[in-house]
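Data first, discussion second: the structure below is written as C-alpha coordinates.
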Amino acid sequence: MAILLDRDTRVLVQGITGREARMVTAHMLAYGTAVVCGVTPGRGGEQVAGVPVYDTVAEAVAAHRPAAALVSVPPAAVLDAALEAIDAGLRLLLIATERVPKHDALRLLYAARTAGVHVIGPNSVGLINPGQRVKLGAIGGDRPERAFVPGRIGVISRSGGMTAELGLMLRRHGFGVSTAVSVGGDALIGTPPADLLPLFQADPETDAVVLFGEPGTRFEEDVAEALADGRFSKPLLALVAGRFAESLPEGTAFGHAAAIIRGGSGRPSAKLAALRQAGAWVADDLDELFRFLDALASSGVHHETGQR
1 MAILLDRDTR
11 VLVQGITGRE
21 ARMVTAHMLA
31 YGTAVVCGVT
41 PGRGGEQVAG
51 VPVYDTVAEA
61 VAAHRPAAAL
71 VSVPPAAVLD
81 AALEAIDAGL
91 RLLLIATERV
101 PKHDALRLLY
111 AARTAGVHVI
121 GPNSVGLINP
131 GQRVKLGAIG
141 GDRPERAFVP
151 GRIGVISRSG
161 GMTAELGLML
171 RRHGFGVSTA
181 VSVGGDALIG
191 TPPADLLPLF
201 QADPETDAVV
211 LFGEPGTRFE
221 EDVAEALADG
231 RFSKPLLALV
241 AGRFAESLPE
251 GTAFGHAAAI
261 IRGGSGRPSA
271 KLAALRQAGA
281 WVADDLDELF
291 RFLDALASSG
301 VHHETGQR
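The sequence shown begins at 1 in full-length UniProt numbering and counts up by one.
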(Lines of atoms letter the chains of each structure in order from A and count residues from 1; the text may use other names and numbers.)
(Lines give C-alpha, C1' and ligand atoms only; values in the text may rest on other atoms or scores of the structure.)
Protein backbone atom coordinates (compact mmCIF):
# COMPACT_ATOMS: atom_id res chain seq x y z
CA MET A 1 0.00 0.00 0.00
CA ALA A 2 1.14 3.59 -0.54
CA ILE A 3 0.14 7.02 0.67
CA LEU A 4 -0.67 9.92 -1.65
CA LEU A 5 0.27 8.19 -4.91
CA ASP A 6 0.82 4.72 -6.33
CA ARG A 7 1.79 2.92 -9.51
CA ASP A 8 -1.54 3.78 -11.14
CA THR A 9 -1.35 7.54 -10.47
CA ARG A 10 -1.23 9.42 -13.78
CA VAL A 11 0.98 12.52 -13.61
CA LEU A 12 0.99 15.85 -15.44
CA VAL A 13 4.08 18.09 -15.39
CA GLN A 14 3.49 21.84 -15.48
CA GLY A 15 6.43 23.68 -17.01
CA ILE A 16 7.62 20.45 -18.62
CA THR A 17 9.72 22.17 -21.30
CA GLY A 18 11.96 23.86 -18.73
CA ARG A 19 15.47 22.48 -18.21
CA GLU A 20 14.85 21.15 -14.69
CA ALA A 21 11.44 19.72 -15.54
CA ARG A 22 12.80 17.90 -18.60
CA MET A 23 15.39 16.14 -16.49
CA VAL A 24 12.95 15.29 -13.68
CA THR A 25 10.39 14.00 -16.18
CA ALA A 26 12.94 11.60 -17.67
CA HIS A 27 13.95 10.38 -14.19
CA MET A 28 10.34 9.83 -13.11
CA LEU A 29 9.58 7.87 -16.28
CA ALA A 30 12.68 5.71 -15.85
CA TYR A 31 11.66 4.86 -12.28
CA GLY A 32 8.16 3.82 -13.31
CA THR A 33 5.99 6.90 -12.69
CA ALA A 34 3.13 7.23 -15.19
CA VAL A 35 3.94 10.69 -16.55
CA VAL A 36 1.25 11.00 -19.23
CA CYS A 37 1.29 14.67 -20.26
CA GLY A 38 2.84 18.07 -19.73
CA VAL A 39 1.84 21.71 -20.04
CA THR A 40 3.74 24.79 -21.17
CA PRO A 41 1.68 27.64 -22.64
CA GLY A 42 2.64 28.24 -26.25
CA ARG A 43 4.50 24.93 -26.60
CA GLY A 44 1.54 22.67 -27.33
CA GLY A 45 2.27 19.92 -29.85
CA GLU A 46 5.85 19.32 -28.69
CA GLN A 47 7.10 16.29 -26.77
CA VAL A 48 9.47 15.85 -23.84
CA ALA A 49 10.90 12.34 -23.38
CA GLY A 50 7.97 11.08 -25.46
CA VAL A 51 5.42 12.90 -23.26
CA PRO A 52 2.97 15.12 -25.20
CA VAL A 53 2.90 18.82 -24.33
CA TYR A 54 -0.27 20.92 -24.22
CA ASP A 55 -0.95 24.65 -23.94
CA THR A 56 -3.41 24.32 -21.04
CA VAL A 57 -4.09 21.95 -18.18
CA ALA A 58 -7.70 21.58 -19.32
CA GLU A 59 -6.55 20.21 -22.68
CA ALA A 60 -4.11 17.81 -21.05
CA VAL A 61 -6.69 16.57 -18.55
CA ALA A 62 -9.29 15.99 -21.25
CA ALA A 63 -6.85 13.91 -23.27
CA HIS A 64 -5.05 11.93 -20.53
CA ARG A 65 -7.00 12.12 -17.24
CA PRO A 66 -4.06 12.72 -14.88
CA ALA A 67 -4.71 12.77 -11.13
CA ALA A 68 -1.52 14.50 -9.92
CA ALA A 69 0.66 17.36 -11.08
CA LEU A 70 4.28 18.29 -10.62
CA VAL A 71 4.45 22.10 -10.63
CA SER A 72 7.86 23.20 -11.90
CA VAL A 73 7.45 26.85 -12.89
CA PRO A 74 9.02 30.16 -11.74
CA PRO A 75 7.82 31.52 -8.37
CA ALA A 76 5.65 34.25 -9.88
CA ALA A 77 3.82 31.67 -12.01
CA VAL A 78 3.10 29.12 -9.27
CA LEU A 79 -0.24 30.58 -8.18
CA ASP A 80 -1.73 30.59 -11.68
CA ALA A 81 -0.35 27.11 -12.42
CA ALA A 82 -1.72 25.66 -9.17
CA LEU A 83 -5.15 27.27 -9.56
CA GLU A 84 -5.35 25.97 -13.12
CA ALA A 85 -4.58 22.44 -11.90
CA ILE A 86 -7.08 22.68 -9.04
CA ASP A 87 -9.80 23.99 -11.36
CA ALA A 88 -9.12 21.09 -13.74
CA GLY A 89 -9.80 18.56 -10.97
CA LEU A 90 -6.32 17.29 -10.09
CA ARG A 91 -6.22 15.92 -6.54
CA LEU A 92 -2.49 16.04 -5.72
CA LEU A 93 -0.02 18.86 -6.44
CA LEU A 94 3.72 18.64 -5.80
CA ILE A 95 5.17 22.16 -5.93
CA ALA A 96 8.92 22.00 -6.45
CA THR A 97 9.41 25.77 -6.74
CA GLU A 98 10.88 27.51 -3.72
CA ARG A 99 10.31 31.02 -2.36
CA VAL A 100 6.79 31.35 -3.72
CA PRO A 101 5.47 34.82 -2.71
CA LYS A 102 3.67 34.40 0.62
CA HIS A 103 0.46 36.07 -0.54
CA ASP A 104 0.36 33.72 -3.54
CA ALA A 105 1.04 30.73 -1.30
CA LEU A 106 -1.83 31.71 0.99
CA ARG A 107 -4.24 31.99 -1.93
CA LEU A 108 -3.30 28.68 -3.53
CA LEU A 109 -3.30 26.78 -0.23
CA TYR A 110 -6.74 28.16 0.63
CA ALA A 111 -8.04 27.15 -2.81
CA ALA A 112 -6.55 23.68 -2.44
CA ARG A 113 -7.99 23.14 1.03
CA THR A 114 -11.42 24.33 -0.13
CA ALA A 115 -11.31 21.88 -3.06
CA GLY A 116 -9.95 18.96 -1.00
CA VAL A 117 -6.65 18.89 -2.91
CA HIS A 118 -3.42 17.64 -1.32
CA VAL A 119 -0.48 20.04 -1.85
CA ILE A 120 3.08 18.96 -1.09
CA GLY A 121 5.44 21.93 -0.96
CA PRO A 122 6.23 24.57 -2.06
CA ASN A 123 9.98 23.94 -2.03
CA SER A 124 9.65 20.16 -1.97
CA VAL A 125 12.07 17.74 -3.60
CA GLY A 126 9.22 15.24 -3.88
CA LEU A 127 7.79 12.02 -2.51
CA ILE A 128 8.55 8.40 -3.28
CA ASN A 129 7.02 4.96 -2.73
CA PRO A 130 9.85 2.43 -3.34
CA GLY A 131 7.59 -0.61 -3.13
CA GLN A 132 5.45 0.77 -5.95
CA ARG A 133 8.48 2.17 -7.81
CA VAL A 134 6.78 5.51 -8.22
CA LYS A 135 7.95 8.99 -7.35
CA LEU A 136 6.79 12.55 -7.87
CA GLY A 137 9.50 15.17 -8.19
CA ALA A 138 13.28 15.10 -8.23
CA ILE A 139 13.62 12.94 -5.10
CA GLY A 140 16.31 10.30 -5.50
CA GLY A 141 17.60 11.77 -8.76
CA ASP A 142 18.25 9.38 -11.62
CA ARG A 143 18.89 6.36 -9.34
CA PRO A 144 16.42 6.46 -6.45
CA GLU A 145 17.23 2.88 -5.47
CA ARG A 146 20.60 4.05 -4.11
CA ALA A 147 18.76 5.66 -1.19
CA PHE A 148 15.27 4.19 -1.19
CA VAL A 149 14.42 0.51 -0.95
CA PRO A 150 11.02 -0.98 -0.02
CA GLY A 151 10.33 -1.35 3.67
CA ARG A 152 8.06 -0.41 6.55
CA ILE A 153 9.42 2.94 7.77
CA GLY A 154 7.75 6.19 6.77
CA VAL A 155 9.92 9.28 6.38
CA ILE A 156 8.80 12.89 6.83
CA SER A 157 11.43 15.56 6.32
CA ARG A 158 11.49 19.33 6.03
CA SER A 159 14.82 19.04 4.21
CA GLY A 160 14.95 17.61 0.70
CA GLY A 161 18.55 16.52 1.10
CA MET A 162 17.89 14.86 4.43
CA THR A 163 14.96 12.94 2.94
CA ALA A 164 17.42 11.07 0.75
CA GLU A 165 20.04 10.89 3.51
CA LEU A 166 17.58 9.23 5.86
CA GLY A 167 16.55 6.79 3.14
CA LEU A 168 20.20 5.91 2.55
CA MET A 169 20.94 5.52 6.24
CA LEU A 170 17.88 3.31 6.68
CA ARG A 171 18.97 1.11 3.77
CA ARG A 172 22.50 0.79 5.12
CA HIS A 173 21.12 -0.14 8.51
CA GLY A 174 18.93 -2.87 7.09
CA PHE A 175 15.60 -1.05 6.84
CA GLY A 176 13.47 0.14 3.96
CA VAL A 177 10.96 2.90 3.28
CA SER A 178 7.20 2.68 2.83
CA THR A 179 6.78 6.29 1.70
CA ALA A 180 9.17 9.23 2.04
CA VAL A 181 7.86 12.79 1.82
CA SER A 182 9.83 16.02 1.56
CA VAL A 183 7.19 18.41 2.90
CA GLY A 184 8.97 21.59 1.78
CA GLY A 185 11.20 24.19 3.37
CA ASP A 186 9.06 27.31 2.96
CA ALA A 187 7.14 28.81 5.88
CA LEU A 188 3.78 28.18 4.19
CA ILE A 189 3.35 24.63 2.92
CA GLY A 190 0.36 22.57 1.94
CA THR A 191 0.87 19.46 4.06
CA PRO A 192 2.81 19.97 7.30
CA PRO A 193 4.20 16.85 9.02
CA ALA A 194 1.25 16.54 11.41
CA ASP A 195 -1.13 16.30 8.44
CA LEU A 196 0.77 13.30 7.09
CA LEU A 197 0.50 11.31 10.32
CA PRO A 198 -3.12 10.15 9.76
CA LEU A 199 -2.11 8.78 6.34
CA PHE A 200 0.76 6.79 7.84
CA GLN A 201 -1.47 5.73 10.73
CA ALA A 202 -3.92 4.21 8.23
CA ASP A 203 -1.22 2.54 6.13
CA PRO A 204 -0.89 -1.13 7.16
CA GLU A 205 2.54 -1.29 5.53
CA THR A 206 4.04 1.45 7.73
CA ASP A 207 5.20 0.28 11.17
CA ALA A 208 6.94 3.48 12.30
CA VAL A 209 7.78 6.99 11.10
CA VAL A 210 11.05 8.91 11.16
CA LEU A 211 10.68 12.70 11.36
CA PHE A 212 13.45 15.14 10.50
CA GLY A 213 12.80 18.65 11.78
CA GLU A 214 14.47 22.04 11.66
CA PRO A 215 14.33 25.38 13.49
CA GLY A 216 11.41 27.68 12.75
CA THR A 217 7.63 27.12 12.48
CA ARG A 218 5.45 25.08 14.86
CA PHE A 219 5.48 21.98 12.65
CA GLU A 220 7.20 19.71 15.16
CA GLU A 221 5.15 21.03 18.09
CA ASP A 222 2.02 20.19 16.10
CA VAL A 223 3.34 16.65 15.67
CA ALA A 224 3.86 16.47 19.42
CA GLU A 225 0.24 17.52 19.96
CA ALA A 226 -0.95 14.80 17.57
CA LEU A 227 1.00 12.23 19.59
CA ALA A 228 -0.26 13.53 22.91
CA ASP A 229 -3.86 13.51 21.66
CA GLY A 230 -3.59 9.92 20.43
CA ARG A 231 -4.07 10.84 16.78
CA PHE A 232 -0.91 8.90 15.92
CA SER A 233 -0.11 5.75 17.86
CA LYS A 234 2.72 4.14 15.89
CA PRO A 235 6.32 4.68 17.02
CA LEU A 236 7.66 8.06 15.91
CA LEU A 237 11.41 8.63 15.86
CA ALA A 238 12.41 12.29 15.73
CA LEU A 239 15.62 14.14 14.94
CA VAL A 240 15.61 17.96 14.99
CA ALA A 241 18.66 19.70 13.55
CA GLY A 242 19.93 23.20 14.20
CA ARG A 243 20.28 23.57 17.95
CA PHE A 244 23.32 25.78 17.28
CA ALA A 245 20.95 28.31 15.69
CA GLU A 246 19.63 29.22 19.15
CA SER A 247 22.91 31.03 19.78
CA LEU A 248 22.66 33.11 16.59
CA PRO A 249 21.14 36.62 16.50
CA GLU A 250 17.35 36.39 16.52
CA GLY A 251 15.81 36.32 13.05
CA THR A 252 18.89 34.84 11.34
CA ALA A 253 17.99 32.60 8.39
CA PHE A 254 20.57 29.90 7.82
CA GLY A 255 18.93 27.59 5.29
CA HIS A 256 15.32 27.19 4.29
CA ALA A 257 13.07 30.23 4.25
CA ALA A 258 11.19 28.87 7.27
CA ALA A 259 14.30 28.09 9.35
CA ILE A 260 14.18 31.24 11.47
CA ILE A 261 13.93 31.54 15.25
CA ARG A 262 11.96 34.51 16.56
CA GLY A 263 11.54 34.99 20.30
CA GLY A 264 10.48 31.70 21.88
CA SER A 265 9.11 30.33 18.62
CA GLY A 266 10.90 27.78 16.48
CA ARG A 267 13.62 26.75 18.91
CA PRO A 268 14.90 23.19 18.35
CA SER A 269 15.26 22.67 22.11
CA ALA A 270 11.56 23.43 22.61
CA LYS A 271 10.60 21.14 19.74
CA LEU A 272 12.67 18.30 21.16
CA ALA A 273 11.20 18.77 24.62
CA ALA A 274 7.64 18.76 23.29
CA LEU A 275 8.22 15.64 21.20
CA ARG A 276 9.90 13.81 24.07
CA GLN A 277 7.11 14.70 26.48
CA ALA A 278 4.51 13.49 23.96
CA GLY A 279 6.15 10.08 23.71
CA ALA A 280 8.32 10.32 20.60
CA TRP A 281 11.68 8.59 20.52
CA VAL A 282 13.89 11.67 20.32
CA ALA A 283 17.41 11.16 18.99
CA ASP A 284 20.34 13.52 19.48
CA ASP A 285 22.16 12.14 16.43
CA LEU A 286 21.87 9.52 13.70
CA ASP A 287 23.65 6.86 15.76
CA GLU A 288 21.03 7.16 18.48
CA LEU A 289 18.29 7.11 15.85
CA PHE A 290 19.51 3.74 14.63
CA ARG A 291 19.75 2.37 18.14
CA PHE A 292 16.05 3.19 18.40
CA LEU A 293 15.44 1.41 15.09
CA ASP A 294 17.25 -1.68 16.32
CA ALA A 295 15.02 -1.66 19.38
CA LEU A 296 12.00 -1.42 17.10
CA ALA A 297 13.25 -4.32 14.99
CA SER A 298 13.53 -6.50 18.07
CA SER A 299 9.88 -5.70 18.81
CA GLY A 300 8.63 -6.68 15.36
CA VAL A 301 9.47 -4.03 12.74
CA HIS A 302 10.71 -5.94 9.69
CA HIS A 303 14.02 -5.26 7.99
CA GLU A 304 12.41 -5.98 4.59
CA THR A 305 14.73 -5.57 1.60
CA GLY A 306 17.20 -3.07 3.08
CA GLN A 307 20.88 -3.99 3.02
CA ARG A 308 23.47 -3.65 5.74
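For glycine and all other residues, C-beta sits at the position ideal for the given N, C-alpha and C.
Suppose you measure from the CA of residue i to the CA of residue j; what does that come to, to the nearest Å?
| i | j | result |
| --- | --- | --- |
| N129 | G266 | 30 Å |
| A67 | A228 | 34 Å |
| Y110 | V100 | 15 Å |
| E221 | A62 | 42 Å |
| H256 | G185 | No answer about H256 holds up, because its pLDDT of 49 lies below 50 and its placement is not dependable. |
| A278 | P144 | 33 Å |
| V149 | E59 | 36 Å |
| P268 | V125 | 23 Å |
| D284 | L239 | 7 Å |
| V282 | G160 | 21 Å |
| G89 | H64 | 13 Å |
| V11 | T17 | 15 Å |
| R7 | L29 | 11 Å |
| R22 | V35 | 12 Å |
| R146 | R276 | 32 Å |
Could you tell me if residue i is buried or exposed, where buried requires 16 or more neighbouring beta carbons within 10 angstroms of its beta carbon?
| i | result |
| --- | --- |
| K102 | exposed |
| G38 | buried |
| L286 | exposed |
| E20 | exposed |
| G137 | buried |
| P198 | exposed |
| P74 | exposed |
| T217 | buried |
| T56 | exposed |
| A76 | exposed |
Would residue i and residue j be called neighbours here (beta carbons separated by less than 8 Å)?
| i | j | result |
| --- | --- | --- |
| G116 | A96 | no |
| A69 | A85 | yes |
| A224 | A180 | no |
| T9 | V119 | no |
| A49 | A26 | yes |
| Q14 | S72 | yes |
| L196 | L236 | no |
| G167 | V177 | yes |
| L92 | L5 | yes |
| G42 | Y54 | no |
| L272 | H173 | no |
How close, in whole Å, do the beta carbons of residue i and residue j come, if the pair is a contact with beta carbons under 8 Å?
| i | j | result |
| --- | --- | --- |
| T191 | F200 | 12 Å between Cβ atoms; not a contact. |
| I153 | L170 | 6 Å |
| P193 | F219 | 5 Å |
| A202 | L296 | Between L296 and A202 the Cβ distance is about 19 Å, and since that is not below 8 Å, they are no contact. |
Can you check the UniProt domain "CoA-binding" (4 to 100) for any beta strand (DSSP E) of at least 3 residues that lies completely inside it and give the ranges in chain order?
10 to 14, 34 to 39, 51 to 54, 68 to 71, 92 to 95
What runs of the alpha helix (DSSP H), each 4 residues or longer, lie entirely inside the stretch 87 to 164?
102 to 115
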